[in-house]
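J.: In terms of our numbering, the sequence shown has 119 at position 119, counting the first letter as 1, and numbering is strictly consecutive.
Glycine included, every Cβ here is placed at the ideal spot set by N, Cα and C.
Below are the structure tokens for one structure; questions will follow.
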Amino acid sequence: MDQYSGTSGADTASLYSSVLVQKQDAGKGVVVDIKTPQNITLITETQYANAAITAGATDVLIDVASPIQVTGESALTGVYKALAANGETVDTARTEVAQQELETVNEVATAHTGDTNFDSSALDKAVAEIKTALADYKKSNGQVASESDINTIINDVLANNGLENVITADEISKLVTFAKAYQETSAIDSAEVAAQLNQFKQQAEQQISEAYKNLQDSGILEKIGAFFENLWKGLTGLFA
């Protein structure tokens, strides 16, 4: 596991999750289907997909399953091995940062379990936008962003996704640490990554839009008040 994730001495109980990777037509993006959701206790489909893009996956369908309850954090290692087995070059620097991304995003999401102001799809979309913004910054300025600029990028993206009053300063610091590592990998210059992130953001936007519609249909929005309804409209207004 340490070859791709940058970790060593992993608990073997965490390695039970397995994956099947199937190539898709160009433009399909990275799609993840957790076949045993009752046994993957921490990582979500969108978290897997976002991190897999960082690692270099393009236009693939990834099935994840486990016979027992596990966190699911080791499943990406199977993706990397499958890509390598199919002759694709796997950059270990990127896979290590992808693992860091997976752990960081999951840690933030888990900290907000039960928080009615937090939406995990909005965070996933924000992370994809942060990666895109870092690439745009380097393209425009000829160099990677400073820590100050990274802070500005992250805070702007969080605000655009209705998370500015939800994500804590400590969590922003963790996102900054990830972003600094991300922009030092080849992913920052990859046109394929840019295309995959664009596809991912469209998928995340659709999830948020569907979630908002479900809230409308259930009448929950009327119960939680106009503030939260306006928050959802802010998130969905750009693509409704």
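Do the CB positions of Val-21 and Val-60 come within less than 7 Å of each other?
T.: In contact: Val-21 and Val-60 (Cβ atoms closer than 7 Å).
J.: Please return the same chain residues whose Cβ sits closer than 8 Å to the Cβ of Lys-174, not counting the five positions on each side in sequence.
T.: Answer for Lys-174: Thr-104, Glu-107, Val-108, listed in chain order.
J.: Would you be able to state if there are at least three C-beta pairs under 8 Å between the segment 115–133 and the segment 196–204?
T.: As far as the Cβ criterion goes, the segment 196–204 touches the segment 115–133, which means the pair count is three or higher.
J.: Tell me the residue span of the alpha helix (DSSP H) that contains Ser-173.
T.: Element bounds for Ser-173: 169–182.
J.: In the DSSP assignment, what residue or residues form a beta bridge with Ile-153?
T.: Ile-153 pairs with nothing; no bridge assigned.
J.: Does DSSP classify Gly-9 as helix, strand or coil?
T.: Note that Gly-9 scores a pLDDT of 44, beneath 50, so its modelled location is shaky and nothing firm can be said.
J.: Buried or exposed, going by whether 16 or more other CB atoms sit within 10 Å of the CB of Asp-124?
T.: Counting Cβ neighbours within 10 Å, Asp-124 comes out buried, since at least 16 surround it.
J.: Please report the distance separating the alpha-carbon of Ile-167 from that of Leu-158.
T.: Ile-167 and Leu-158: Cα-Cα distance of roughly 8 Å.
J.: Would Ala-133 pass as a contact of Ile-153 if the rule is Cβ separation under 7 Å?
T.: Yes.
J.: Go through the segment 47–89 residue by residue and report every complete run of the beta strand (DSSP E) that reaches 3 residues or more, in order.
T.: Taking only runs of at least 3 residues, the beta strand (DSSP E) segments lying wholly in the segment 47–89 are 60–65.
J.: Smallest Cα separation from Glu-164: which of Glu-88, Asn-155, Gln-24?
T.: Nearest C-alpha to Glu-164: Asn-155.
J.: Buried or exposed, going by whether 16 or more other CB atoms sit within 10 Å of the CB of Asn-50?
T.: Classification for Asn-50: buried.
J.: My guess is that Ala-187 and Thr-54 are in contact by the Cβ rule of under 8 Å, so how many angstroms apart are they, rounded?
T.: 6 Å between Cβ atoms; contact.
J.: Helix, strand or coil: which one does DSSP assign to Val-105?
T.: Three-state DSSP puts Val-105 in a helix.
J.: Could you check whether Val-32 and Ile-62 sit closer than 7 Å to each other, using their CB atoms as the reference points?
T.: In this structure, Val-32 lies closer than 7 Å to Ile-62 by Cβ.
J.: What separation, rounded to the nearest whole angstrom, lies between the Cα atoms of Lys-81 and Lys-23?
T.: Roughly 14 Å separates the two Cα atoms.
J.: Could you check if Thr-110 is buried or exposed, using at least 16 other CB atoms within 10 Å of its CB as the buried criterion?
T.: When all chains shown are included, Thr-110 counts as exposed.
J.: Which same chain residues, not among the five before or five after Phe-100, have their C-beta less than 7 Å away from its C-beta?
T.: Checking the displayed sequence, the identity of residue 100 turns out to be Gln instead of Phe. Contacts found: Phe-178, Ala-181.
J.: Could you give the distance in angstroms between the alpha-carbon of Asn-160 and the alpha-carbon of Ala-122?
T.: Cα-Cα distance, rounded: 10 Å.
J.: Is it right to say Thr-113 is buried, meaning 16 or more other beta carbons lie within 10 angstroms of its own, or is it exposed?
T.: Exposed, because fewer than 16 other Cβ atoms sit within 10 Å of the Cβ of Thr-113.
J.: Give me the Cα-Cα distance between Ile-40 and Tyr-48, rounded to the nearest whole angstrom.
T.: Cα to Cα, the separation comes out at about 12 Å.
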